[in-house]
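Asks: A single structure is presented below for examination.
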Amino acid sequence: MGKNILFIMLFTALISSLTFGQSIKVGVGGGYTALTGDNSFTAEDALNLNSGIHYGGKILVSLPVLPIQFAANIYYNPLSNEYTEPITNTTIKTETSFLSIGLGAEFTLIPGPIQPYLAGELLYTSFGEATVNDFSASEAESKTGLGLGAGLYFKLLPVINLDFSAHYNMNTLLSSGDALNSTHVRLNVLFNIL
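With numbering that gives the first Met the number 0, letter number 117 in the sequence shown gets 116, and the count goes up by one each step, no holes.
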């Protein structure tokens, strides 16, 4: 009987610490996107889109007992290129964008004020219409994929963290059609709200 009461007390303490002891961080950030892999946006393609900036936000929920944090992020990637064809002196302007939403987890390798981590996420990517000189070159579409990453948290103040990370996203891995892979380097500023 005493063992059952001890087990119930420990189980209740664990559940209450997991329920009420979590930390929630919200932040904004941005960085650099490079399109890689076998995709229709390589330099050899007419669109000639291979890099650009991205910006967005991140939510991080961590549990005090576990080295795993759950992350959700959304980043907008506008891409454009302007090229003047030397023979005809014609300017070709291409534009497109994609919105990437990720849900996943991060595994903290070392606790402390500087925390390296590994990340994995499921991606939903919405591609905008691609245009060449304001004429439609492809329709908007949505795909799913996977992302892998590594990063470093730096505690700047008790309520502010910096998050520097690099990600390799296989944006269309779980969908049919053309492949689009992207590499991202980003910096987020996260604020503790709970």
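Note that beta-carbon positions come from the ideal geometry of N, C-alpha and C, so glycine has one too.
Alpha carbon to alpha carbon, what distance is there between S99 and L172?
Replies: Answer to the nearest angstrom: the Cα atoms are 14 angstroms apart.
Asks: So, is T87 buried or exposed, given that buried needs 16 or more other C-beta atoms within 10 angstroms?
Replies: exposed
Asks: Could you name the residues of the same chain whose beta carbon sits closer than 6 angstroms to that of K57, not counting the 5 residues immediately before and after it, in chain order?
Replies: G26, N72 and N187
Asks: Among E138, F163 and Y116, whose alpha-carbon lies nearest the alpha-carbon of S125?
Replies: S125 has its Cα closest to that of E138, out of E138, F163 and Y116.
Asks: So what does DSSP say about Q68, is it helix, strand or coil?
Replies: strand
Asks: Per DSSP, which one or two residues make a beta bridge with V188?
Replies: V27 and L161
Asks: Tell me the DSSP bridge mates of P115?
Replies: L151
Asks: Per DSSP, what are the beta-bridge partners of N76 in this structure?
Replies: F97
Asks: Could you give the first and the last residue of the continuous beta strand (DSSP E) run that contains S135?
Replies: F134 to S137
Asks: Look at the alpha carbon of S141 and the alpha carbon of D162, and state the distance between them as a whole number of angstroms.
Replies: For S141 and D162, the distance between alpha carbons rounds to 28 angstroms.
Asks: Can you check which of these residues, I159, T89 and Q68, is closest to F190 by C-alpha distance?
Replies: Measuring from the Cα of F190, the nearest candidate turns out to be I159.
Asks: From this set, F97, E105, L179 and T35, which residue's C-alpha is nearest S164's C-alpha?
Replies: E105
Asks: Am I right that L108 and P115 are in contact with their C-beta atoms under 8 angstroms? What's the rounded C-beta distance?
Replies: 5 angstroms
Asks: For chain B, find out if any of its Cβ atoms is closer than 8 angstroms to the Cβ of I52; answer yes or no.
Replies: No chain B is part of this structure, which consists of one protein chain only.
Asks: Could you tell me which of T35, G28 and Q68 sits nearest to Q21, measuring between CA atoms?
Replies: Q68
Asks: Could you pull the start and end residues of the beta strand (DSSP E) that I86 belongs to?
Replies: From DSSP, I86 is part of no beta strand (DSSP E); its letter is neither H nor E.
Asks: According to DSSP, S61 sits in a beta bridge with which residue or residues?
Replies: Residue pairing from DSSP places S61 in a beta bridge opposite S22 and Q68.
Asks: Note down the Cα distance separating G176 from P112, rounded to an integer number of angstroms.
Replies: 43 angstroms
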